[in-house]
Every structure is written in C-alpha cells, then in structure tokens.
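So the protein lines, in turn, are chains A and B. Going by full-length UniProt numbering, the first sequence opens with residue 1, and the numbers climb by one from there. Going by full-length UniProt numbering, the second sequence opens with residue 1, and the numbers climb by one from there. Don't be surprised by glycine CBs; every beta carbon is placed ideally from N, CA and C. Just so it is clear, the structure is predicted and the values come from calculations on it, not from any experiment.
There are 2 protein chains.
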Amino acid sequence: MATLAEVARHAGVSASTVSYVLSGKRSISEETRLRVENSIRELGYHPNAGARALASSRSHIIALMVPLRTDMYVPVMMEIAIAVATTARGFGHDVLLLTGEEGPEAVRRVAASGLADAMIVMDVELDDERVPLLRDSARPSVLIGLPGDPAGLTCVDLDFTATGALCADHLAQFGHKDVAVIGEAAAVYRRHTGFAERTLDGLRSRAREHGMRVIHRPCEGSYESTAGVLARVFEERPDTSALVVQNEAAVGPMLALLRQQGRAVPEDVSVVAICPDQVALQASVQLTSVAIPAQEMGRQAVELVMAKIEGREPAPVTLLPPRLTVRASTGPAPTAP
Amino acid sequence: MATLAEVARHAGVSASTVSYVLSGKRSISEETRLRVENSIRELGYHPNAGARALASSRSHIIALMVPLRTDMYVPVMMEIAIAVATTARGFGHDVLLLTGEEGPEAVRRVAASGLADAMIVMDVELDDERVPLLRDSARPSVLIGLPGDPAGLTCVDLDFTATGALCADHLAQFGHKDVAVIGEAAAVYRRHTGFAERTLDGLRSRAREHGMRVIHRPCEGSYESTAGVLARVFEERPDTSALVVQNEAAVGPMLALLRQQGRAVPEDVSVVAICPDQVALQASVQLTSVAIPAQEMGRQAVELVMAKIEGREPAPVTLLPPRLTVRASTGPAPTAP
DNA sequence: CTCTTTCGTCGAAACGCGTCGCTGAGTAGA
DNA sequence: TCTACTCAGCGACGCGTTTCGACGAAAGAG
C-alpha cells in the first residue's frame with residue numbers, strides 16, 4: 001500500500017503538499033497539483049482510513065441502526081438502508097450496519113470509540129430507550145420514526161396522521177360510510193411504534209368529520225389470520241364498503257379472500273392500501289394506495305445528519321407529505337340493494 | 001473522551017501496561033490489572049477506533065456488499081445481512097454496508113484504504129466482475145453464492161443442485177410423472193446468477209433417473225404473470241401433477257389461482273416450494289418446502305472470513321445441505337380418471 | 001554466592017495523516 | 001528602495017494506539 005509520504009517523494013514535493021492537494025484546503029499551483037495527482041494515480045494511492053480518522057477525528061462513517069424484528073415489512077427497511085448507503089456515499093461517507101441486538105449499548109460503543117461520526121436510528125418507538133442516550137450524546141443523530149418527545153432530536157418520518165386523513169377523504173368522497181382498517185400485527189401496537197397509531201388517529205378524526213364509522217382490527221398477515229379478521233369485520237359491520245390496509249403481508253391474502261367471497265373490488269368493496277408502490281402494483285388488483293416513501297426517508301435522514309455534522313441545526317421534525325395514487329381498487333360506495 | 005494515557009495516569013501505570021491489560025498479550029499482575037480495569041470503568045474509557053486501526057492495521061470491520069437489485073427476494077438478503085452483523089459482533093467486529101451501486105470500485109476502495117479487514121460479497125453471478133478483484137486482493141473475502149470458477153476463493157451457498165434433486169426425489173416417491181418448475185424472474189436467468197440454474201440442473205437430472213418429465217417457466221412474481229405462467233403450464237402439459245416453485249413472490253398468487261381453478265392442493269396438484277420457512281408457513285396451504293438457510297449462510301460466511309483473517313485457509317467451497325420439510329402441500333399423484 | 005530465567009512493567013518508536021506556523025519568492029504600492 | 005502582502009510549499013508536531021526491546025526484581029540453578 002502506497003502512503004502519502006511515498007506519493008510525495010514520487011512527485012518531488014513534501015507530504016503536506018500532497019495532503020493539501022487531496023483536501024483542497026490551501027491553494028496549490030496548477031503544475032504541482034497535476035504532478036501530485038499523477039503520482040497518486042501511478043502508485044494507486046488510497047488514503048489510509050485509520051490514519052485519516054485519527055488525525056482528523058472524523059471517520060467518514062455513519063452508523064445505521066436497524067431493528068431485527070420480523071413483524072415489520074422487511075423490504076421497506078432494506079430500501080431505506082440502501083438509500084441511506086447510497087446517499088451517504090454521495091457525501092463521501094460509508095455506512096456501518098448495527099442491529100438492534102446489541103441494544104442501547106451499541107449507541108454508547110460507537111459514539112465513544114469514534115467509530116462513526118453520526119448515527120441514524122430506524123424503527124423508533126414512542127418511548128425508546130435509545131432516545132435519551134442519543135439526546136445526550138455529543139455525536140449527531142437522526143431518527144427515522146417519531147418518538148413521544150422529539151425535543152432536542154432530529155426526526156424524519158412519513159406524516160402518518162395526514163396519511164390516515166388522506167385515506168378518509170378519498171373514501172368519503174366516494175360516499176363510503178363504513179370503513180374497516182386492517183392493521184399491522186398486534187405486537188406493533190403493543191410496542192407503541194407510533195406510526196400505526198398515528199395513522200389511526202388521523203383516519204378516525206377525519207372520518208368523524210365526514211360522518212364515517214371506523215373499526216380497526218390488527219392482523220398478523222398470514223392467510224389464516226387475514227381470513228379471520230375479514231370474517232369478523234363483515235360479521236360485525238355487514239355494511240362495510242371500504243377497507244384501509246396498513247399491512248403489506250395481508251394485501252395478497254385479503255384480495256384473494258374477497259374474490260373467493262364474491263365481493264368485487266371496487267364495486268362491492270373499495271380498498272386503499274398504505275404500502276410501497278411495488279406492492280400496490282404487483283397485487284391482483286391495481287391498488288389505490290398511499291406510498292411509503294422509503295427511499296426519500298433514507299435520503300432525507302442522511303441529508304439531515306450531514307447538516308448536523310457540518311454544524312447546522314435542522315428542524316427537529318421533518319414529516320414527509322403523503323401522496324395518494326388512485327388506481328383500480330376504489331370507487332363509489334354501493335347503493336343499498 | 002478519555003484516552004489510554006489518562007487511564008494510565010489514573011491507575012498509576014504506563015500507557016503500555018494499560019494496552020496490555022486490554023489486549024492480554026502480555027502477563028499482568030492480578031493487582032495492577034484490577035486497578036487498571038477499575039480506572040477504565042471509572043473514566044468510561046473506550047479505545048479510539050481510528051488510533052487502534054492505525055497502530056494495529058486492523059480495523060475490526062468487515063465489509064458486506066449487498067446487491068441493489070429488486071428482482072431477488074429481499075427478506076432473504078436482509079436476513080443474511082443481519083446474521084452477518086450479529087455473528088461478526090460475536091467476533092468483536094462491525095459490518096460496513098456496501099451497495100452494489102459503486103460496483104467493483106468499492107472493492108478496490110475498501111481494500112486499499114484499510115477501511116475493512118475483509119469482505120463478504122452477496123449475490124455473486126457466474127461470471128462476476130468483482131471476482132478477479134477479490135482473488136487478487138490481499139484482503140480475505142468470502143462469497144455468498146457460487147461463481148463459475150471458485151478456484152482461489154472461499155464460497156458459501158446452499159447446495160442448490162442437491163435441492164433440485166431432493167425435490168425430484170420427493171415427488172417421484174409420490175408417483176408424479178409430470179412436473180413443472182415455476183422459476184425466478186427471467187432476468188435472474190439472463191444474469192446467470194447460478195443458483196437458479198443449479199436447482200434446475202439438479203432437478204432435471206434426477207427427474208430423468210426417475211422417468212419424470214420436467215418443464216420450466218420463469219415467472220415475474222406478480223399476480224398477472226403468475227396467472228399467465230400457470231395457464232401455459234396446464235395448456236402445454238395438462239397432466240402436470242406437481243409444481244416446484246422457486247420464487248417467493250409467486251407463492252401467494254399461485255395458491256390463490258389454483259384454488260380459483262378448482263385444483264385442490266395436494267389432491268390434484270402437489271406443490272413443493274424452495275423458500276424461507278416463514279413463507280412456507282404463512283401461505284394459505286402449509287407448504288412442503290426446502291428452506292433457504294439464510295441465517296446459516298450469513299453465520300458461515302463470517303466464520304469463514306474470520307478464519308481467513310486469522311491466517312487459516314478454509315475449503316474453497318462450502319455447500320450447505322438442503323433440508324426438505326414435508327407439510328400439507330404434497331401427496332400422491334392423482335390416478336387417471 | 002553468582003549466573004541465568006522469568007515475570008511485570010516501562011519508555012520509545014512507529015503507524016499515516018492533518019494542520020499550524022513559517023519562509024522565500026514574487027508583486028504591488030508608495 | 002522599502003514595506004506590505006499574497007502565494008506555494010515545507011517542516012514539525014500531534015492524534016491515540018500497539019508493539020518491541022530493555023530493565024529491575026524475584027526466583028531458580030549450579
């Protein structure tokens with residue numbers, strides 16, 4: 001491995017000159033700059049990450065803490081992670097993958113060792129034990145998700161309250177009166193992950209304004225459990241004419257079951273999904289849906305964290321506006337027979 | 001942040017002594033060791049990662065290169081990544097997340113900068129452009145997947161040839177004569193990812209021994225395309241009595257379609273899936289399946305890479321034996337009407 | 001009682017880079 | 001001609017560890 005000193009010797013300049021060529025923090029004559037750049041290329045020089053981190057106390061690494069639960073829809077997590085990684089590369093940073101396994105201790109470890117310059121934490125719960133650590137830490141951090149008290153933090157998330165409201169508006173506009181929400185797995189609510197509750201709140205309060213009735217049932221996402229939930233819904237509210245689904249795994253089974261039961265979509269039942277566009281498009285019916293902007297969330301998180309690294313102090317909460325795409329699964333409420 | 005020197009002063013010893021306490025590379029008296037450990041705890045000392053990397057030329061970081069394609073089943077990728085991360089932590093290492101985006105250049109960059117001590121590469125193609133780089137690199141690496149020529153490399157993968165054979169055996173045993181394989185998306189075969197082809201090879205050659213006929217159709221995984229594939233299969237081979245599915249996304253649609261068409265599983269059609277157990281269990285019929293041992297692959301990859309870091313030279317190819325779990329979706333071939 | 005080992009500890013030299021202060025040459029203004 | 005200033009480049013130091021050789025004391029061998 002070539003070192004700075006070797007590059008300097010090869011180019012006939014001092015080591016500091018090479019360093020300044022690399023960082024651009026002082027002016028360098030065109031001529032020597034070219035000579036140095038040439039030597040760098042010839043020797044295949046790459047700066048040593050450890051030395052650079054030691055000298056500058058900047059590792060150019062961002063830690064990303066992903067949950068290791070299985071009850072969340074994994075592709076969204078992955079899409080966020082990939083967006084974080086590629087965006088970070090655009091800022092000259094790499095991404096360190098931390099799993100929730102280690103728990104809050106990981107926060108301490110990474111911060112104290114200077115392994116990472118900053119941290120992005122996914123899947124934040126309303127009352128998350130990592131939050132106080134992050135708030136007190138000297139290192140910048142950004143949360144994806146919204147904790148109970150975002151004071152002193154920086155958070156990004158989809159505006160799930162608005163998402164719920166948007167679904168309500170769309171269905172109200174078609175004259176629906178009875179709406180059922182097929183929700184996430186029960187564990188998600190028990191854990192108070194926030195986003196699921198916020199969706200419900202937004203939907204319920206807007207539904208009230210529109211004079212719609214709402215019932216909500218968690219759903220584990222398997223075929224069996226989806227069948228059970230649907231059966232209950234139509235037993236308890238036979239006039240249900242619209243379903244809002246916030247559960248990617250349940251989408252496929254639900255559509256299959258509706259077809260089986262002879263309920264046409266959208267003539268008998270309208271369906272709005274809250275899911276990535278890909279899921280909405282791959283389903284057996286093109287679903288009207290509010291997209292989960294996974295890439296956008298990852299990108300934003302990195303931009304916010306970079307801003308903090310550079311000393312700026314962004315707004316504590318960034319909520320991405322939801323967008324509803326109308327497809328083939330929603331239509332006017334059926335008129336009474 | 002406390003430093004080694006501060007710990008040393010606090011404990012009344014030299015810095016090198018503290019270092020040896022930490023590493024255990026020289027004997028230290030019980031008494032001073034306790035004193036040092038106490039100071040470490042009191043000062044909340046964590047070694048600086050950059051300095052450690054510089055001095056020891058070991059970063060304790062393993063790079064993990066994940067593909068950024070969308071035509072692979074994402075949860076498997078994620079499960080492998082998480083298994084890699086947690087296993088690596090067990091060895092005192094962290095994981096750096098690289099996306100395929102940067103391409104082969106990422107290999108060079110990470111290796112040359114000493115950012116990572118070693119590398120794990122996922123989703124290897126038969127003729128992968130990263131492979132020559134890895135072979136020539138001084139840093140250890142492990143591939144998950146099998147390239148065309150594994151000489152000079154270390155690879156882990158499920159034994160997909162045996163997987164195909166296992167499916168053939170299981171179906172032959174039930175007297176099936178006409179088997180259709182619902183495969184991955186066409187792009188996967190075009191790209192020569194290897195595993196899909198190997199499954200087919202294994203299945204075909206064993207099927208020949210059993211006197212079974214096999215047809216194979218790629219499938220994009222959406223409801224539409226699954227419907228198309230199924231229709232073609234039963235048109236072209238009306239006597240098809242068994243399906244082997246190697247496509248997680250197609251599982252749900254396929255079962256829904258079979259039900260719609262009045263084909264009972266397993267009385268009319270047997271189904272064997274090659275997929276994670278979770279998918280096999282969440283489907284509307286409990287599927288007889290060969291599991292994709294994602295966790296095991298991640299774990300193995302880390303163990304192999306650690307062996308190489310420590311100077312051992314493991315076998316070039318590690319193939320995990322497939323295991324078929326019999327559930328409710330396979331049974332005797334229907335007798336002629 | 002001396003000579004060699006072993007044990008526990010120390011000091012100093014890397015490791016490769018970033019950064020500060022300085023210098024000498026050149027330029028411009030007076 | 002002298003000062004004031006800018007521009008390019010240099011040398012030296014520091015970042016926090018690891019590691020090697022050395023050293024004194026205690027222990028064992030003859």
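In this structure, the beta-carbon distance from Pro332 (chain B) to Gly175 (chain B) falls below 7 Å. Here the alpha carbons of Ser222 (chain B) and Glu224 (chain A) stand approximately 21 Å from one another. Counting every other CB atom within 10 Å of its CB across the protein chains shown gives Gln282 (chain A) a total of 16 or more, marking it as buried. Under the DSSP definition of a beta bridge, Leu304 (chain A) lacks any partner. Taking 7 Å as the cut-off, the Cβ atoms of Thr163 (chain B) and Pro322 (chain B) count as close. Any Cβ of chain B closer than 7 Å to the Cβ of Pro75 (chain A) would place that residue at the interface, and such an atom is present. By the beta-carbon neighbour count (other beta carbons within 10 angstroms, threshold 16), Gly252 (chain B) is buried. Put simply, the CB of His93 (chain A) is far from chain B, with every gap to its CB atoms at 7 Å or more. By the criterion of a C-beta distance shorter than 7 Å, Gln295 (chain A) is surrounded in its chain by Glu79 and Ala83, once the five residues flanking it on both sides are discounted. Proximity of chain B to Ser222 (chain A) at the Cβ level (cut-off 9 Å) is accounted for by Leu281, Gln282, Ala283 and Ser284, in chain order. DSSP places Met122 (chain B) in the coil class of the three-state scheme, outside both helix and strand. Interface annotation, Asn48 (chain B): in contact with chain A, CB-CB separation under 7 Å. Taking Asp277 (chain B) as the centre and dropping the five residues before and after it, the same chain places the C-beta of Ala291 closer than 6 Å to its C-beta, in chain order.
About 17 Å separates the beta carbon of His93 (chain A) from that of Ile144 (chain A), a gap too long to meet the 8 Å contact definition.
DSSP, reduced to helix, strand and coil, places Met65 (chain B) within a strand of the structure shown.
The C-alpha of Glu197 (chain A) lies about 13 Å from the C-alpha of Ala165 (chain A). A:His216 is the residue among A:Gly114, A:His216, A:Glu6 and A:Ala168 whose C-alpha sits nearest the C-alpha of Ala186 (chain A). Per DSSP, the unbroken alpha helix (DSSP H) holding Ile82 (chain A) starts and ends at Val74 to Gly90. Beta-bridge annotation (DSSP): Val95 (chain B) is paired with A:Leu97 and B:Ile62. Interface flag for Thr330 (chain A) against chain B is unset, since no Cβ pair is found closer than 7 Å. For Cys155 (chain A), the three-state secondary structure derived from DSSP is strand.
Contact with chain A is absent for Met306 (chain B), since none of that chain's Cβ atoms lies less than 7 Å from the residue's Cβ. An exposed status is given to Leu34 (chain A), since fewer than 16 other beta-carbon atoms sit within 10 Å of its beta-carbon. Ranked by Cα distance from Leu319 (chain B), the options B:Ile40, B:Asp149, B:Val156 and B:Glu101 are led by B:Val156. Under DSSP, Ala273 (chain B) shares a beta bridge with B:Val245 and B:Ser289. Under DSSP, Ile182 (chain A) forms a beta bridge with A:Arg217 and A:Val245. In this structure the stretch 43-63 of chain A lies against the stretch 109-116 of chain B, because at least three pairs of beta carbons, one per stretch, are closer than 8 Å. Any Cβ of chain A closer than 7 Å to the Cβ of Ser113 (chain B) would place that residue at the interface, and such an atom is present.
The C-alpha of Glu313 (chain A) is placed about 15 Å away from the C-alpha of Asp136 (chain A). Checking the DSSP bridge columns, you'll see Val317 (chain B) partnered with B:Cys155. Using beta-carbon distances, Glu303 (chain B) does not count as an interface residue toward chain A, since no partner is under 7 Å.
Taking C-alpha positions only, Ser241 (chain A) is separated from His210 (chain A) by approximately 15 Å. Taking a Cβ-Cβ cut-off of 7 Å, the neighbours of Glu102 (chain A) in chain B comprise Arg89, given in sequence order. Residue range Leu4 to Ala11 is occupied by the alpha helix (DSSP H) that includes Val7 (chain B). Residue contact with chain A for Ile82 (chain B): present (Cβ-Cβ distance below 7 Å to some residue of chain A).
Annotation: Ala118 (chain A) has no Cβ neighbours in chain B at a cutoff of 8 Å; minimum Cβ distance is about 14 Å.
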